[in-house]
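See below for the structure under consideration.
Residue numbers (our numbering): 1 to 158.
The following block contains the structure:
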């Protein structure tokens, strides 16, 4: 019986030029924040480095899983490699707004819906973001890290 081993070759070349990536990620986040009146986020190289390490780990695993750390907020995305734009990746989180009800976290979603990615994006006390992608031949992972983290029980997003 022939058995094929799955390999997760991480591609060293990022899907996007770093300056372009940073600008586009920030613009996508800050457009969503502007809609609700929260201040724009600033880029953090430290958060981006943390995001890169976790994105590479997830790409090797081939599945999404939140990191166990609690000092940074975190949003995860995975899809077909080289198919989705940065705006589509981040936009998936922003689309959760349709299921968001303003109130105290975590009681802010329509029944059975998830909105934690969206609320982390617009959380009023979050000031910095750093993101990174990692790719295999077939999949791309986007990880964004946020500081200070949001989604605090008993508080409102904005």
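Note that CB positions come from ideal geometry on N, CA and C, so glycine has one too.
Original post:
Straight-line CA distance for residue 105 to residue 54?
Top reply: 26 Å
Subject >> Neighbourhood of residue 141 by C-beta distance below 6 Å, restricted to the same chain and skipping five residues each side >> reply: 55, 58, 59, 78, 134
**OP:** Work out the CA separation of residue 131 and residue 49 for me, nearest whole Å.
**Re:** 8 Å
Subject >> Span of the beta strand (DSSP E) around residue 150 >> reply: Careful: residue 150 lies outside any beta strand (DSSP E) and carries neither H nor E.
Original post:
For residue 88, is the classification buried or exposed, using 16 other Cβ atoms within 10 angstroms of its Cβ as the cut-off for buried?
Top reply: exposed
**OP:** Hey, could you find the ends of the alpha helix (DSSP H) residue 114 is sitting in?
**Re:** Neither: residue 114 is in no alpha helix (DSSP H) and is coded neither H nor E.
**OP:** Name the one or two DSSP bridge partners that residue 132 has.
**Re:** 143
Original post:
Helix, strand or coil for residue 127 per DSSP?
Top reply: coil
Original post:
Should residue 66 go down as buried or exposed, given a rule of 16 or more other Cβ atoms within 10 Å for buried?
Top reply: exposed
Subject >> For residue 150 and residue 125, the rounded distance between their alpha carbons >> reply: 7 Å
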